[in-house]
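Presented below is the structure to which this report refers.
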Amino acid sequence: MVGIVSYGFYIPKYRIKTEEITNVWGKNYEDVKKSLLITEKAVAGVDEDSLTMAFESASSALSNIKIDKSKIKAVLFGSETHPYAVNPASTILAEFLGIEKNYLAYDTEFACKAATGAVISAQALIKSGYTDYALVTGSDKGMGKTHDTLEYTAASGSVSLLLGKDDLILEIMDLESFSSDTPDFWRREGIRYPSHGGRFSGKPSYFYHIESSAKSLFKKTGLKPADFAFGVFHMPNGKFPIQVAGSLGFTHSQIQDSLVVNYLGNSYSASALMGLMPVLEKAKTGDLIFLCSYGSGAGSDSFVLKVTKNLNKRRKEFKTIVDKKKYINYPAYLKAMEMI
Amino acid sequence: MNYITGYYTTKFGEIWEKSLFDLVKEAITGVLKQTNLTNKQIDAVFFGNMLAGVLENNLHSPSKISEILKVNIPIFRAEAACASGGAAFNLAKNYLDANRNKNVLVIGAEKMTDYSPEEAITGLSAAASGEEQEAGLTFSGLYAMIANYYLEKYSYSEKNLAYVSVKNHFHGSLNDKAQFRRKITVEDVLKSAYVAYPLKVLDSSPISDGASAVIMTNNPDWVKKQKYKAAVLASEVATDTISLKERKNIDEILATKIAANNAFKNAKIDRTDINVAEVHDCFSIAEILAMEDLGFWKKGEGGENIIEQPTMFGNGGNLIVNTSGGLKAAGHPVGATGIKQIGEIFLQLTGQAEKRQVKNVKYGLAHNVGGSGGTAVVTILGI
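Listed in order, the protein sequences are those of chains Z and W. Just so we're on the same page, the working numbering is the position in the first sequence counted from 1, plus 45. Just so we're on the same page, the working numbering is the position in the second sequence counted from 1, plus 925.
Right, here's the structure in full:
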């Protein structure tokens, strides 16, 4: 069985409140909050980027296990805000983590599902015998143009997973992926901010792909939503995961722990994985977790994860980390995002 | 006499799975099927569209329609901003007046939601004067100036305008082709975000996709065989200055007044004979002005009259307005709107308006405006 051996996450300490942004633009805070279900979001500092956050989360993932790092022969870095257009962040990450040089490294991009796609590749590399361990990071310093809806949602964060075949905390029981050419959100080469198709990013994009991916996995495994202790979905805003979970047949109690978007925003390729973090804080041995990502462009990866008794050894506090925060005002936010 | 013998409209809304000409094809196929006409029985086509040239670099639409319809007949495109549909209908009517025993197909269509709001708004601004565009005035801004002036002059508030949207959303809830099927309250309108003060989101018609088509004929033998038919008693076009600043009065649309006076004169009926009307409510203020300028209400009294909702379906009024939901709730694919308005009157006159069917309808009026009043088309139908 291949699965997850250890995990780590990083949430920058800065937060900007939705109300701070609505006040700048003369928008009604209650309307925006009701529409997006986001009250504040995490913001990486001016000296942070997707790579520094990846280093933090990956260091955390490797901090509480004793393994021979030379057995990590795959380092995959999923992001849509890699620091370089050309020059891999995965090698920089591996170098700073002290992983030996005999490894395969690559950066992946598939909007918000760059990291879960990399998880699928990583587990295949382990299954094939290429490597004993693989490190996968999802990390983003999400950018949204000022006065765009994304300004309320695009956030920063990073999650790293160490995959392996022994001493697992989460077994990957099965997985499925679903993709199509659906341009709902994009950023062209050389363009700083992403563009999106407004409501087009909903029904024919997020909902269609997640529902297709999830239903395909349910059919393949014979499992149904009621079989899972938790459901975790990509969170571009607070509404979409609730709606898609409901349409698939999950109850709100199954997903409520995962809804980090309400207070952290959408950390893009780390978003669904970040939703998994509070779930792992309380999941019990034997629990089944349904994890489903979404990446614009578009595709969705679904996973059936089973919690093992080893989770108790490597469980990490989530809420206490989230609560360590410092609020910034709008000018400080612009500075942190290097917009001014 | 010219008669409308069939009408078909696509659903209006965000129709992402269909292109402009997919929508046109659906409308053509739909109206031909409904009237049992073949493509070979169509003698000419008139197509109302505003934005295909601006947004998708497609101007030679007559040739594309020839390809869809598989015919080599005369096909013309009419453009008069949001009155493109009404203008196409007027040209079709004039074509029939000049030619005996002909069947014409009139289509209006627009594809707007595939483009960013910025692109669509910039495209729509092509209907304003160069000076207004340079000043950064959008149509929301132009109608907001009109609304501010009207509310100030006649001592009304934003609440007076809100009743228009409440009524039209109620009507939209009864029309399965409408973009918005949700009923709203005055409070909903007043709480919605400002687009351009005093106009809010719920005072404003949306950006929409859609296509509508009618068959019009002056072939008496064909008309006799038709189950559904409505006579075209008048179709009048009037124009006015493109710039708001050149108008003598901005609490009225002069082109509407002129077109309406001519239409009633030609139709030889009175205002009180009209049972149903589709008026151009691109913004709530526009319906108030339309009701006054068409002569249904006295100038300055529209803000007061709308409060009791005499023009709402089910309230027992003699004149029910915008049963389709109007531009506000049915949606506003600009080239299609003028044809949808005429089509809605046709449905009412022929008893096909289903849940929103007004009783004992004999005469109906459609009112289509281009820009901020640079063009107005008034069409009167009867049975």
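Don't be surprised by glycine CBs; every beta carbon is placed ideally from N, CA and C. All values derive from a computational prediction rather than experimental measurement.
Nearest in C-alpha terms to isoleucine 1305 (chain W), of all of W:Asn1247, W:Ala1159 and W:Glu1077, is W:Ala1159.
Residue-level contact by beta carbon fails for glutamate 1035 (chain W) and chain Z, as no gap is shorter than 8 Å. Counting every other CB atom within 10 Å of its CB across the protein chains shown gives histidine 254 (chain Z) a total of 16 or more, marking it as buried. Under the three-state reduction of DSSP output, glutamate 981 (chain W) falls in the coil class, being neither helix nor strand. The straight-line gap separating the alpha-carbon atoms of isoleucine 373 (chain Z) and lysine 72 (chain Z) is approximately 19 Å. Taking all protein chains in view, the Cβ of lysine 1287 (chain W) is surrounded by fewer than 16 other Cβ atoms within 10 Å, so the residue is classified as exposed. Only residues of its own chain outside the window of five on either side were considered, and among them Leu262, Lys265, Thr266, Phe348 and Val349 have a CB closer than 8 Å to the CB of aspartate 219 (chain Z), listed in chain order. Taking the Cα of alanine 1301 (chain W) as reference, the smallest distance to any Cα among W:Val1204, W:Lys1078 and W:Ser1082 is reached at W:Val1204. Under the Cβ distance rule, alanine 1005 (chain W) does not count among the residues neighbouring chain Z, no pair being separated by less than 8 Å. Counting C-beta pairs closer than 8 Å gives fewer than three between the segment 139-149 of chain Z and the segment 74-88 of chain Z, which falls short of the contact rule. Taking the Cα of methionine 1037 (chain W) as reference, the smallest distance to any Cα among W:Thr1262, W:Ile1270 and W:Val1283 is reached at W:Thr1262. Listed along chain Z are Lys72, Asn73 and Asp76, each with a C-beta nearer than 8 Å to that of alanine 1118 (chain W).
In its chain, beyond the 5 residues on either side, Asp212, Leu213 and Ile214 have a beta carbon closer than 7 Å to the beta carbon of asparagine 355 (chain Z). At a cut-off of 8 Å between beta-carbon atoms, glutamate 981 (chain W) makes no contact with chain Z. Closest in alpha carbon position to glycine 342 (chain Z), among Z:Asp113, Z:Ala156 and Z:Tyr375, is Z:Ala156. Per DSSP, the unbroken alpha helix (DSSP H) holding glutamate 1217 (chain W) starts and ends at 1209-1218. Annotated as distal: histidine 1292 (chain W) and leucine 1179 (chain W), with beta-carbon spacing of 8 Å or more.
A Cβ of chain Z is located within less than 8 Å of the beta carbon of glutamate 939 (chain W). Contact check for isoleucine 49 (chain Z) against leucine 195 (chain Z) fails: the beta carbons are separated by 8 Å or more. With 16 or more other Cβ atoms from the protein chains shown falling within 10 Å of its own Cβ, tryptophan 1222 (chain W) counts as buried.
According to the DSSP assignment, phenylalanine 54 (chain Z) belongs to the beta strand (DSSP E) that extends over 48-55. Taking a contact to require three or more Cβ pairs closer than 8 Å, the segment 1260-1278 of chain W and the segment 986-996 of chain W do not qualify as touching.
Shown here for glycine 53 (chain Z): same chain residues with a beta carbon closer than 6 Å to its own, the five before and five after excluded, namely Ser102, Ser105, Ala106 and Ser205 in chain order. Not a single C-beta of chain W is nearer than 8 Å to the C-beta of proline 281 (chain Z). Counting only Cβ-Cβ distances below 9 Å, phenylalanine 245 (chain Z) has contacts in chain W at Glu939, Trp941, Thr1038 and Asp1039, in chain order. Methionine 188 (chain Z) places its beta carbon 8 Å or farther from that of tyrosine 129 (chain Z). Contact between valine 1157 (chain W) and lysine 1027 (chain W) fails: their C-beta atoms lie close to 13 Å from each other, not under 8 Å. Within the same chain, and ignoring the five residues on either side of threonine 960 (chain W) in sequence, the residues whose Cβ sits closer than 8 Å to its Cβ are Thr930, Gly931, Ile1140 and Gln1151. Residue nearest to phenylalanine 1064 (chain W) within the set W:Val1259, W:Lys1116 and W:Lys1078 is W:Val1259 (criterion: CA-CA distance). Taking the CA atoms as reference points, lysine 327 (chain Z) sits about 17 Å from glutamate 216 (chain Z). Taking C-beta separations shorter than 8 Å and ignoring five residues to either side along the sequence, the partners of aspartate 1195 (chain W) in its chain run Phe1189, following chain order. According to DSSP, alanine 1034 (chain W) shares a beta bridge with W:Ala1136. In this structure, DSSP gives asparagine 1028 (chain W) an extended state, which the three-state scheme calls strand. Secondary structure of histidine 192 (chain Z) (DSSP, three-state): coil. Partner residues in the beta bridge of serine 240 (chain Z), as assigned by DSSP, are Z:Trp231.
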